[in-house]
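Numbers 169 to 483, taken from our numbering, label the letters of the sequence shown in order. C-beta: ideal position from N, C-alpha, C; glycine also. Small disclaimer: the values here were computed from a predicted structure and weren't measured. Single-structure report; data block below.
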Amino acid sequence: MPSTLVIGGAGFIGIEVSRLLLEAGGEVVILGRGKEPLSLPNGCRYVQGDYANLGLLRTLLTPGCDVVNLAYSTVPKTSFADPTFDLLSNLPANVALLQEVQRAEVRRLVIVSSGGTVYGAASTLPIPEDHPTNPISPYGITKLTIDSYARMFHATTDLPVLIARPANAYGEAQRTGVGQGFMAAAIDAIQRGREVQIYGLEGTIRDYIHVRDVATGIVAVLQRGKEGNIYNLGTGIGASNLDLIRLLQSLAAADGFSVRVSHLPERRFDVAANVLDSRKLSDATGWSPRISLADGLAAMWRHGLQRKLERGPRP
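Structure (structure tokens):
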């Protein structure tokens, strides 16, 4: 198995991808901006730095290696605060990466895009890869532009690039307070005795997929996908914010917690429904998600309780 450079591999999804690649017997180098985290899988090599540093990047790209890029400097919510920053902090570095990958003659590059933002308002559900793309957030627009550059390089230079578009990833290690991840935020609020905020009567409908299923999907794209192609990674099942609250109520009641919900006005930048059709990846590689929403949510709930015990009481 070739060695793999995982850019952004110390993040929520990246750690799971790196672990899978190590378990398959490959060598893994993780490039991340921060100090080496304690949660990295044993056996990987960590390099601290920015992939926009081309001098550093060139030392890590070796002929025949694979590259997975998960790095991105904003999230959908924060991208509205400074659209120029969202563009300039992500697009130039990604275009330069495409050029460097070609020069280095790597085996394959997977760009991890966003199935939750690039399509915009859906004309059909679940959304296939050839659905029109009309993103309504700076984050989604920049992600789509990176995808377009990647496909241009493939069409004009045969760059061995593939694009993975995950739905809404969730899992036990998901952080709260970063403007992303309704499920983690809801669990945290309930376990702290606070209200869960929902925008609108039901909230938005999203395709929630466990981070381990996202990671297996990314590895399937890397190992068995067809170069130049886009692959959705989702469950094909939509759940509203209120659907998640209903599932959480039984978990909360069993542990003596109450669930309080406040409804806020709908936000103009929220797409009402986003559910992905992943049959293209399933047909090409045999991949399919394995973790049900009920099981994944219960695991997150238990993990949250354990962290609460470890932290001790907080105001």
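Asked: Residue ranges of each alpha helix (DSSP H) within the segment 265 to 353, 4 or longer; Found: 306 to 325
Asked: As assigned by DSSP and simplified to three states, the class of residue 408; Found: strand
Asked: Status (buried if at least 16 other CB within 10 Å, exposed otherwise) for residue 303; Found: buried
Asked: Residue 430 - containing beta strand (DSSP E), residue span; Found: 429 to 432
Asked: The segment 417 to 431 contacting the segment 372 to 386, beta-carbon criterion three pairs below 8 Å; Found: no
Asked: Cβ distance (whole Å) where residue 441 is taken to contact residue 372 below 8 Å; Found: 7 Å
Asked: Cut-off 6 Å between Cβ atoms - residues of its own chain near residue 189, not counting five sequence neighbours on either side; Found: 172, 196
Asked: Residue interval of the alpha helix (DSSP H) (run including residue 472); Found: 461 to 479
Asked: Sheet register partners of residue 200 (DSSP bridge); Found: 216
Asked: Opening and closing residue of the alpha helix (DSSP H) in which residue 381 lies; Found: 379 to 392
Asked: DSSP-derived helix/strand/coil call for residue 249; Found: coil
Asked: Close-in-space but distant-in-sequence residues of the same chain around residue 483 (CB under 6 Å, 5 per side omitted); Found: A caution first: residue 483 carries a pLDDT of 45, below 50, which makes its placement in the model too unreliable to give a value.
Asked: Inter-residue Cα distance where the pair is residue 202 and residue 211; Found: 19 Å
Asked: Three CB pairs or more closer than 8 Å across the segment 251 to 264 and the segment 407 to 414; Found: no
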